[in-house]
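Colleague:
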């Protein structure tokens, strides 16, 4: 059995399979989020010009489990602009909440961002946030996209792959879900500490390189399939060698 994170491998329904589980995380084209061409840089400059820094970015659907209401409750702790990229049914309620909290001037609802524009948004921000509050957020590929761009991530300690993708103190900060005070403290810390942002951003990029490239995903998947075909009687041993993720 192949799963995308150690958290999923540990789910009770899968425990019976024991070592016959290979953890192969989702992989992406990392270089896509590191574009340095003039078109991308022009877009980055335009985004930064429209949003006073430091910039905090969220990318995703505006739905309940993403925890955006918690982010807005913590918004005063971020010293710059919060950019919310995406659309969804909760946008009117979130806009109303931002106004009621007096933070509408620092929160930008930028709407749907095209696939081509996403790299520029990641590069334009200083920190990425994924404040999800429910197990529906099983992995958080957007974290990997931000990490590929060398951006530190603030995410939540869900019983899923989310806090495994973004490791606390390595690639970003991980906080208790649905806790505006904890989220605000993390945002305040990163918002005011450029050196910490740089260190965690460098760690995020290294972690993306080590675990979340598309090439690695394809290579490990191929090796696992070949191991199954070649020596099924030694499958446990070979899976441990080929697909162990620490």
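Residue numbers (my numbering): -11 to 234. Even for Gly, the Cβ is constructed at its ideal location relative to N, Cα and C.
1) Cutting at 7 Å between CB atoms, please list the residues of its own chain near residue 234, excluding the five before and the five after it.
2) How long is the line joining the alpha carbons of residue 101 and residue 75, rounded to whole angstroms?
3) Look at residue 117 and residue 44 and say whether their C-beta atoms are less than 8 Å apart.
4) DSSP three-state label for residue 45, please.
5) Can you tell me which of the three DSSP states residue 96 falls into?
6) If you check the beta carbons only, do residue 141 and residue 160 fall under 8 Å apart?
7) Rounded C-beta distance between residue 111 and residue 137? I'm assuming under 8 Å.
8) Label residue 125 either buried or exposed according to how many other C-beta atoms from any shown protein chain fall within 10 Å of its C-beta, with 16 as the threshold for buried.
9) Using three-state DSSP, classify residue 179 as helix, strand or coil.
10) Is the region 85 to 95 touching the region 22 to 36 in the sense that three or more CB pairs, one from each, lie closer than 8 Å?
11) Can you name the start and end residues of the beta strand (DSSP E) that residue 38 belongs to?
12) Compute the beta-carbon to beta-carbon distance between residue 67 and residue 179, rounded to the nearest angstrom, for a pair I have assumed lies under 8 Å.
13) Helix, strand or coil: how does DSSP classify residue 130 here?
14) Going by DSSP, name the residue or residues bridged to residue 72.
15) Compare the beta carbon distance of residue 145 and residue 162 with 8 Å and say whether it is the shorter of the two.
16) For residue 120, name the three-state secondary structure that DSSP assigns.
17) So, under 8 Å CB-CB, residue 185 and residue 115 are touching, yes? Tell me the CB distance rounded to an integer number of Å.
18) According to DSSP, residue -9 sits in a beta bridge with which residue or residues?
19) Cβ atoms of residue 73 and residue 98: under 8 Å apart, would you say?
20) In this structure, does DSSP put residue 153 in helix, strand or coil?
21) Which stretch, first to last residue, makes up the alpha helix (DSSP H) that contains residue 91?
22) Answer with buried or exposed for residue 54, where buried requires no fewer than 16 other C-beta atoms within 10 angstroms of its C-beta.
Modeller: In short, the structure shows the following:
1) Residue confidence is low: residue 234 scores 44 on pLDDT, short of 50, so the model does not pin down where it sits. Its coordinate-derived value is still stated next. Counting only Cβ-Cβ distances below 7 Å, and skipping sequence neighbours, we find nothing.
2) 9 Å
3) yes
4) strand
5) strand
6) yes
7) 5 Å
8) buried
9) helix
10) no
11) From DSSP, residue 38 is part of no beta strand (DSSP E) but of the alpha helix (DSSP H) over 26 to 38.
12) Contact between residue 67 and residue 179 holds, since their C-beta atoms are separated by about 4 Å, short of 8 Å.
13) Collapsing the DSSP output to three states places residue 130 in a helix.
14) 46 and 97
15) yes
16) coil
17) 6 Å
18) 11
19) Yes, these two residues count as a Cβ contact at 8 Å.
20) helix
21) First-last for residue 91: undefined, no H or E at that position.
22) buried
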